[in-house]
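Enquirer:
There are 4 protein chains.
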Amino acid sequence: MCGIVGIVDAGGVSYPLYYALYALQHRGQESAGITTFDGKALHKHKAQGLVAEVFDVDSLSGLLGNAGIGHVRYPTTGEKIPENIQPFNFTFQKKKISIAHNGNLTNTQDLRREFEERGQIFCTSTDTEVIGNIIVDELRHSSSMQDAVLACMKRLEGSYSVVVLIDDKIYAFRDPLGIRPLCLGKTPEGYIVCSESVAVDALNGEFIRDVKPGEMITISKEGIKCVQIAQASCCGFCIFEYIYFARADSVIDGQLVYDVRRRIGKSLHLEAPVDADIISPVPDSGTAHATGYSESSGIPFREGLIKNRYIGRTFIMPNQKARENAVRIKLNPVKKHLRDKSVVLVDDSIVRGTTSRRIIDLVEDNGAKEVHIRVGSPPIKAPCYLGVDMPTREELIAHNHSCDEVCKKIGATSLHHISIEALIRATGHAPEDLCTGCLTGVYPLKIGNEKACTRHIDFISGTYQSDLKTFGKEETIK
Amino acid sequence: MCGIVGIVDAGGVSYPLYYALYALQHRGQESAGITTFDGKALHKHKAQGLVAEVFDVDSLSGLLGNAGIGHVRYPTTGEKIPENIQPFNFTFQKKKISIAHNGNLTNTQDLRREFEERGQIFCTSTDTEVIGNIIVDELRHSSSMQDAVLACMKRLEGSYSVVVLIDDKIYAFRDPLGIRPLCLGKTPEGYIVCSESVAVDALNGEFIRDVKPGEMITISKEGIKCVQIAQASCCGFCIFEYIYFARADSVIDGQLVYDVRRRIGKSLHLEAPVDADIISPVPDSGTAHATGYSESSGIPFREGLIKNRYIGRTFIMPNQKARENAVRIKLNPVKKHLRDKSVVLVDDSIVRGTTSRRIIDLVEDNGAKEVHIRVGSPPIKAPCYLGVDMPTREELIAHNHSCDEVCKKIGATSLHHISIEALIRATGHAPEDLCTGCLTGVYPLKIGNEKACTRHIDFISGTYQSDLKTFGKEETIK
Amino acid sequence: MCGIVGIVDAGGVSYPLYYALYALQHRGQESAGITTFDGKALHKHKAQGLVAEVFDVDSLSGLLGNAGIGHVRYPTTGEKIPENIQPFNFTFQKKKISIAHNGNLTNTQDLRREFEERGQIFCTSTDTEVIGNIIVDELRHSSSMQDAVLACMKRLEGSYSVVVLIDDKIYAFRDPLGIRPLCLGKTPEGYIVCSESVAVDALNGEFIRDVKPGEMITISKEGIKCVQIAQASCCGFCIFEYIYFARADSVIDGQLVYDVRRRIGKSLHLEAPVDADIISPVPDSGTAHATGYSESSGIPFREGLIKNRYIGRTFIMPNQKARENAVRIKLNPVKKHLRDKSVVLVDDSIVRGTTSRRIIDLVEDNGAKEVHIRVGSPPIKAPCYLGVDMPTREELIAHNHSCDEVCKKIGATSLHHISIEALIRATGHAPEDLCTGCLTGVYPLKIGNEKACTRHIDFISGTYQSDLKTFGKEETIK
Amino acid sequence: MCGIVGIVDAGGVSYPLYYALYALQHRGQESAGITTFDGKALHKHKAQGLVAEVFDVDSLSGLLGNAGIGHVRYPTTGEKIPENIQPFNFTFQKKKISIAHNGNLTNTQDLRREFEERGQIFCTSTDTEVIGNIIVDELRHSSSMQDAVLACMKRLEGSYSVVVLIDDKIYAFRDPLGIRPLCLGKTPEGYIVCSESVAVDALNGEFIRDVKPGEMITISKEGIKCVQIAQASCCGFCIFEYIYFARADSVIDGQLVYDVRRRIGKSLHLEAPVDADIISPVPDSGTAHATGYSESSGIPFREGLIKNRYIGRTFIMPNQKARENAVRIKLNPVKKHLRDKSVVLVDDSIVRGTTSRRIIDLVEDNGAKEVHIRVGSPPIKAPCYLGVDMPTREELIAHNHSCDEVCKKIGATSLHHISIEALIRATGHAPEDLCTGCLTGVYPLKIGNEKACTRHIDFISGTYQSDLKTFGKEETIK
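Chains as they are written, first to last, in the working numbering: chain A, 848 to 1325; chain B, 848 to 1325; chain C, 848 to 1325; chain D, 848 to 1325.
(1) Who are the Cβ neighbours of A/Leu1209 in its own chain at under 8 Å, not counting the five residues just before and after it?
(2) Hey, A/His1219 and A/Ser1261 are a contact pair by Cβ (cut 8 Å); roughly how many whole angstroms apart?
(3) Based on the DSSP output, what are the partners of D/His948 in its beta bridges?
(4) Is D/Thr1202 close to the ligand NAP? I mean its beta-carbon at under 6 Å from any heavy atom of the ligand.
(5) Between which two residues does the beta strand (DSSP E) carrying D/Phe939 extend?
(6) Between the beta-carbon of A/Leu952 and the beta-carbon of A/Gly1025, is there less than 7 Å?
(7) Report the start-end ranges of each beta strand (DSSP E) in the stretch 968 to 1021 of chain D that is 3 residues or longer and not cut off at the edges.
(8) When you check each C-beta in the stretch 885 to 905 of chain D against every C-beta of chain C, which residues fall closer than 8 Å?
(9) On the DSSP bridge list, what partners appear for C/Gln1102?
(10) Pop quiz: A/Phe1084 and A/His1276 are said to be a contact at Cβ under 8 Å. What is the actual Cβ separation, rounded to whole angstroms?
(11) Nearest-angstrom Cα distance between B/Arg1002 and B/Leu1292?
(12) Could you name the residues of chain A that B/Glu1150 contacts, counting a contact when the two beta carbons are closer than 9 Å?
(13) At a CB-CB cut-off below 7 Å, which residues of chain C make contact with D/Glu1242?
(14) Please list the terminal residues of the continuous alpha helix (DSSP H) segment that includes B/Phe962.
(15) Note down, in chain order, all residues in the stretch 1220 to 1245 of chain D with a beta-carbon under 8 Å from any beta-carbon belonging to chain B.
(16) Which word fits B/Val1047, buried or exposed, when buried means at least 16 other C-beta atoms lie within 10 angstroms of its C-beta?
(17) Which residue's Cα is closest to the Cα of B/Gly917: B/Cys1041, B/Ile1076, B/Val1191 and B/Arg1021?
(18) Using the C-alpha atoms, what's the distance from B/Arg1056 back to B/Cys1073?
(19) How is B/Cys1030 classed by DSSP in three states: helix, strand or coil?
(20) Please list the partners that C/Asp984 has in chain A, where partner means a Cβ-to-Cβ separation under 7 Å.
(21) Under DSSP, the alpha helix (DSSP H) around B/Thr1239 begins and ends at which residues?
(22) Could you give the first and the last residue of the continuous beta strand (DSSP E) run that contains D/Val1218?
(23) Where does the unbroken beta strand (DSSP E) through B/Leu1178 begin, and where does it stop?
(24) Can you give me, in chain order, the residues of the stretch 973 to 999 of chain C that have a beta carbon less than 7 Å from any beta carbon in chain A?
(25) Using DSSP with H/G/I as helix, E/B as strand and the rest coil, what is A/His1246?
(26) Use the C-beta contact count for D/Arg920: other C-beta atoms within 10 angstroms, 16 or more gives buried, fewer gives exposed.
(27) Using the beta-carbon count (16 or more within 10 Å), is C/Phe820 buried or exposed?
(28) Spatial neighbours of D/Ser1313 within its chain, please: C-beta separation below 7 Å, excluding the five flanking residues on both sides.
(29) What residue does the alpha helix (DSSP H) around D/Pro1128 start on, and which one ends it?
(30) What are the partner residues of B/Val1193, as DSSP defines its beta bridges?
If you want it as structure tokens, here you go:
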């Protein structure tokens, strides 16, 4: 999972890109980078670390120009080496090109082999360089980026939301199944395309709409142009963005993530009510879910565990004992809320089960007489090949354990996962428009030997629907 | 405001002190330091920055020994120079001494002058060096630390919770009015004294009780000894610790801070109900207050503003426009919760009013039709001389504006501050045991020309109440 | 100008590469990098800065394996961006490849265009990536690195000493004119190829011989193999390596650089004797030259200017006045050696003339009555296209000024440059085997519109002279 | 050994102090610091590291004012803790005071005890804080700094060159035996006092004269005032400053250090001639000595070992083998100068003998047939208590080994130390004006049980010789 952003704005883009990446930081903390174009040359700055660590006044002042893209990285494919930090910058016949990608391709190895057979060398181990090669391969024959993006959509398999900077224009496109999010906004003197709407908010911009699956957006100083390049019979939006990954204050496909999570909490109560004393979230991710459970049940919302805001990435744990203690420094049990209480802990998901067990131990050590776990996702039974960093099937506690077995292993009084039907209902999407691969083992496209419910995809030919807007006119794009 | 800790533990103290300071980080982010004693020499490490930045594996591995103290600093008096970073370490006749202090003395200048007249030089501009001089001055004549602490209590005016490391023993004492918090806990193989109970929790220790105002605690490898050195007619505990400063999960004088804040929220509803659509905290500090208001009123708790967890201290704001925008990157309005809604925003306090105005603007820009502000403290009308870093009287918006005027200035639909009576009731303390100087302008001791309701203080003479506990016996100290 | 090194050694290569780069640090201070291969994967570490800054115990411990290459960079072509730091690493059909290059190509643009027409993208702006593409292009059709290097020698124009790491083998080759140095040595359990013999010395290795112009060396765990790929009618070794660039303790083509410089000093005396009081070098580069002048003349060698060893790259010069003063902090005049003396200052070369003028001012300000400048190179009249970073023709003081004019401009009592004949004699080379482009304006290959005295080059076809040595046998390669 | 500087200059002192410390960097590399006074407050910056690392544009821009002092530290007494970094700053009755000290007191413990008995606490473990206490103790009774310095000279034993900044004036004084150097110079708009004349040169200033032993200098904006406070029957200038410690381009007591060292080299030849092929210094410190030997003998000066200029403090030596190899990376043998040659290696001194043995091994490994060692100091047989960091008596190779034994242990063909008579003659001083404690075991003052040839000291009473100069008048002080 990564975060991407592209901005064209007559007032300069260095600080807008920086603030947008700040807003997307939750999507990736390993590295950050920005590339801008000032009419002549690309300006680039990228490094490992958080946005706040990678950029300073000096580096931002060098990022000149009115068009640029940015990236925060959460490692999926590719080693942790400097070359792999995005955006990926290269040149092709005088053109300065920079690409940033969120998602995960499932046919990377085939595509690389194909290019290598023609003599192509690869400087990174990222999917992004493969996408760069397909684009350039097409641009050699045709000068049309539309053709290049069409070629991408025909050849790339997997999930991809992409922003491309070529000279002073930005091209953005989203895979035909729309697996990863991408949205469009208006900035004071230009436009922004970004992973989540919170980045539009951070610039005090105006949210326009999501980029449609299979759509290509062109942003230039003349305005924006939108073309539907491919159309799938139905989509495959990642249900985990709603459960855990996206920020609660993002709006995705018309749904405020916070509200989806609150509805999940309500359904959890309706499916598995408990006569408890308090409803407590597992911080931070379970707060919205817990509010929903509390409202539906009338049982008071109380924080039973409080997170230390200052634990940073450099927290030192010299040995195993320290690692076990770490949960106590990160999460402080509020004894008075727990002692002799029957507690409902609401969490977003259970992956390996180890953290859940430690938290339950902590809550019980502090006097809770019952600890009921309510989980905002069904059991995770299968890996994700489309961009979420998940353990292998064998490491997933739900892969070979029933719910009762898991309940026993983590030491809970009771355990309930939301049903997949209620979860889908909470998202407001049709079931066939979501990817629920990790929950059902059925993916929206063919991946190795996994089960798939593949979608039919149509590609444009000849006639394009387009709408051109200029910066001057304040019209909204529908 | 600062945080202090002292630990004697047979299993070593470097990591326990480090974790304890982590838990107290909210009390001071300017600098951090630890001093330990290993039977021969003091080991010291301190620097400007957060705990996570100041210490690493190397520096912790050098902090040898079974006794030590630590400090996190929030600047009150003294310039921001390396010499001022605490603990303050010095030697006196072969003795290695280290002191850390939380509070603010009101007679520092008089005491310094007195010592300077005798030829004493001062290496820092901190109160702590003055305290060190008084202790040493007494130790010259008497080898009793009890006499030295008695001398401190007789000569020091203001607030002071202090830990002193002399060779392998720790001495802790709290001013007779108990203005700043200090508490006692049991660690696996020793004892801890610290500003708030969360530091005890962080070590998986057992909370014992608060150190009493005017009490002196001695911790050695033999156990702990408690002596009441001074006794005031009544106390002066800082009411702002409950409102804002302490962590919500700390227990102070028997009160869970979270619950005090929730009760404040309830009283706010009872005193000033609104027929609103949602109750939202101003993050982070208003969450507990808002829960209380929501429960009392039955109006749903919804986060109308979400805080970006990744904004660090290095966030760059190149110009005024950026500074104004900063609030949008730090706090993201959740449009869907705000549009066409009547919103109650619950905040802990209003100081200058500038932040409140920006937040109300932000909420209104995002479509809220009414913004009612409910504040968990009465208007702040006077400065704090006892350790909270507050602006001068003139900068306090409530100093020369009525509540109605403030409401208009910050642009709220309505504004209500909790009454002082309800606030005091929520703390569970008798009014005469609290310092409410910043709210009433009446302080619990004489400070310059300010109004005061001074307390009578008795000092010990001859007979001491003492109780000696050994590590082996698991008895609790009453 | 850069420094390169490749080592295969059964005892591991991380520290040997690190020490070798230390010894070559004078050839480039902008960045440093190492790539190693451990039988499975490439391990890489590179960054901007000095060798001592780029590597630490952690990064070296990650550089596993028994084969590796390293590079120190002195910028010639390519922007100062992270992507340009060498070695340049890439993959091609399962092969892990890393390349480091010293030199400068003169047909880069043509070669890049050729590849781009076939759809190739470029991730860096270095010559090295072009070399990588030629090698891979050939390896596709033939699995023979000999063919690949032959293709390089046929297609590359300019100067290039190259080391290539492919899996566990190192291939090294030097352009047919041998413009940049490259030599071969024996390490305890393997072999080293490097820019200068000092790197062999640093590992306590045994110097074997220079790599011949047009030769290709293969180093594997079986030993080394040498093949003459191309043979030029005569060479074009850079005369500036002798004058200034190489370390004095390096042996190049059988000549100790120190001795060449001492002979230059002697010739300077014979060509332009002065009846002076002292002979002083301009530190550091003129010491060997000055010793030669002193011995030939019998006039005592005395340091008239002493260099401050602690001036680092971070020396701060806030304004123009400071920059003028800087020469005084860097070079301290020894008044007693200068006052009322007639001084001969021996320098290696004069480029723009500004430093010379400042130094002469400094020496005169300190009382010297005569300042005779003797220069170890003829006037520099033309630019270098082959790897030395020199100013444009217009900035060279000798481009449009006679020796008398330069003498007047820099304020010297007298000025003499060594004659080109004496200089060539001092190097011990035949004139036709040297590149003297910057002194004569005639280059050993065609470069744009510059005058050239091109060489005829024969390439191998079919029969190769080769000799295979194993690590076990202690035979020396002839 | 440390370096100190004090400057009063109407044009500001931050950069002048910075450049002066750069010039004195050889006297101490552990830490650096500057304190300035701007009419109101002290401005301070100090940290561990080299001058270039400690200061940057930001920190220098904060060092406001026209008076200030600086210090570079080479550890003698005191632990390596931040508190010990000089200058030592403190306040006393509104006065802002800062002190920097070069030297070592021999009665520190007695003086500290005396102060501690009066209740004084010590924040550092430096001699400097003791000096500060004596000054303040006197200033309490008398407002005259002359009295305070007189008190220092009466009470301090050992070596001390001191600069004191009190408000906008600088006071400098040197112990009555003048053990450490201190000199006076004129800057563009003020005066400078500093450890060596090279710091005056670095500012393009005019050297005036050495500060006399027992003299006190006052520098203010009105000019300078010189008073002889104490007068010893004879002095005790450290002979090691000439042999090794001072920079070659410094002038001390009228002697250019470079010339002293050259005369030492000449005497070495006259005392112990060899029929050798080359004379080579052990870099860096032996160059001037070797020049002298070469000139006297007529044998050519050739560098047989060349130092790598880039070896920094971060050079990594992971194990014993690496440490042994380190000498090869630091010092590269010039094989061609050594093979089959009879070599005279001239070094400044031999302390433990381990480095000498490694260097001789290196030279012999590279083919030298004879290695004659000539040393610019007599055997070091006793420790230094007066500021040079030397090993204990037992670690000194000459303590219990004859010259022949040392020759055998280090593996030299022959070994000769200069005679003490010739050494003293080379310095140009009378024997009774030098401290030769480390060579003879007889010290110029009583230190514990060591032999001493104590001096008689007279102190001023009533009548002072003084001369007042203003900045305006360009008169030189005699």
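Note that CB positions come from ideal geometry on N, CA and C, so glycine has one too. The model shown is predicted, which means the values in this text are computed figures rather than measured ones.
Expert: Taking the structure as given:
(1) Within the first sequence, numbered from 1, the residue matching residue 1209 of chain A stands at position 362. The answer, listed in chain order, is Leu1152, Val1174, Arg1175, Leu1178 and Pro1180.
(2) Position 372 of the first sequence holds residue 1219 of chain A. Position 414 of the first sequence holds residue 1261 of chain A. A/His1219 to A/Ser1261, Cβ: 5 Å. Contact.
(3) Along the fourth sequence, read from residue 1 onward, the residue named residue 948 of chain D stands at position 101. Note: D/His948 sits in a beta bridge opposite D/Val1009.
(4) Of ligands this structure carries none, so the ligand NAP is not represented either.
(5) Residue 939 of chain D sits at position 92 when you count from the first residue of the fourth sequence. In the DSSP assignment, D/Phe939 falls within the unbroken beta strand (DSSP E) covering Phe935 to Phe939.
(6) Taking the first residue of the first sequence as 1, we reach residue 952 of chain A at position 105. Taking the first residue of the first sequence as 1, we reach residue 1025 of chain A at position 178. Cβ distance not < 7 Å, so A/Leu952 and A/Gly1025 don't count as in contact.
(7) 1005 to 1013 and 1016 to 1021
(8) Leu897, Val898, Ala899, Glu900, Phe902, Asp903 and Val904
(9) One-based indexing of the third sequence puts residue 1102 of chain C at position 255. In DSSP, C/Gln1102 forms a bridge with C/Ile1099.
(10) Residue mapping note: residue 1084 of chain A aligns to position 237 of the first sequence, counting from 1. Residue mapping note: residue 1276 of chain A aligns to position 429 of the first sequence, counting from 1. Contact holds; Cβ gap of about 7 Å.
(11) Counting from 1 along the second sequence, the entry for residue 1002 of chain B is found at position 155. Counting from 1 along the second sequence, the entry for residue 1292 of chain B is found at position 445. Roughly 13 Å between the two C-alpha positions.
(12) To locate residue 1150 of chain B, count along the second sequence from 1; it is residue 303. Those are Ala1095, Asp1096, Tyr1105, Thr1134, Ala1135 and Thr1138, listed as they occur along chain A.
(13) Along the fourth sequence, read from residue 1 onward, the residue named residue 1242 of chain D stands at position 395. Going along chain C, no residue has its Cβ under 7 Å from D/Glu1242, so there is no contact; the nearest lies around 27 Å.
(14) As a position in the second sequence, residue 962 of chain B is number 115, starting the count at 1. Note, B/Phe962: alpha helix (DSSP H), Thr955 to Glu964.
(15) none
(16) As a position in the second sequence, residue 1047 of chain B is number 200, starting the count at 1. It counts as buried.
(17) Within the second sequence, the letter at position 70 stands for residue 917 of chain B. The candidate whose alpha carbon is nearest that of B/Gly917 is B/Cys1041.
(18) The residue given as residue 1073 of chain B occupies position 226 in the second sequence. The residue given as residue 1056 of chain B occupies position 209 in the second sequence. Put simply, the backbone Cα of B/Cys1073 is about 12 Å away from that of B/Arg1056.
(19) The residue given as residue 1030 of chain B occupies position 183 in the second sequence. Three-state DSSP puts B/Cys1030 in a strand.
(20) Taking the third sequence and counting its residues from 1, one reaches residue 984 of chain C at position 137. Ordered by position in chain A, the residues that pass the 7 Å Cβ test against C/Asp984 are Gly966.
(21) Reading the second sequence from its first residue, position 392 is the one you call residue 1239 of chain B. Neither: B/Thr1239 is in no alpha helix (DSSP H) and is coded neither H nor E.
(22) Taking the fourth sequence and counting its residues from 1, the one referred to as residue 1218 of chain D is at position 371. D/Val1218 -> beta strand (DSSP E) spans Glu1217 to Val1222.
(23) By one-based count along the second sequence, residue 1178 of chain B stands at place 331. Leu1178 to Pro1180 is the span of the beta strand (DSSP E), which, as asked, contains B/Leu1178.
(24) Within the stretch 973 to 999 of chain C, the qualifying residues are Gly979, Asn980, Val983, Asp984 and Arg987.
(25) In the first sequence, residue 1246 of chain A corresponds to position 399, counting from 1. DSSP places A/His1246 in coil when its eight states are reduced to three.
(26) Taking the first residue of the fourth sequence as 1, we reach residue 920 of chain D at position 73. By the neighbour-count criterion, in which 16 or more other beta carbons inside 10 Å mark a residue as buried, D/Arg920 falls on the buried side.
(27) Outside the displayed span of chain C (848 to 1325) sits residue 820 of chain C, for which this structure offers no information.
(28) Taking the first residue of the fourth sequence as 1, we reach residue 1313 of chain D at position 466. A caution first: D/Ser1313 carries a pLDDT of 40, below 50, which makes its placement in the model unreliable, though a value can still be read off. Cβ neighbours of D/Ser1313 beyond the five flanking positions: Lys1072, Cys1073 and Val1074.
(29) On the fourth sequence, residue 1128 of chain D is found 281 positions in, with the first residue counted as 1. From DSSP, D/Pro1128 is part of no alpha helix (DSSP H) but of the beta strand (DSSP E) over Ile1125 to Pro1128.
(30) Your numbering for residue 1193 of chain B matches position 346 in the second sequence. For B/Val1193, which the question treats as bridged, DSSP gives the partners B/Pro1128 and B/Arg1221.
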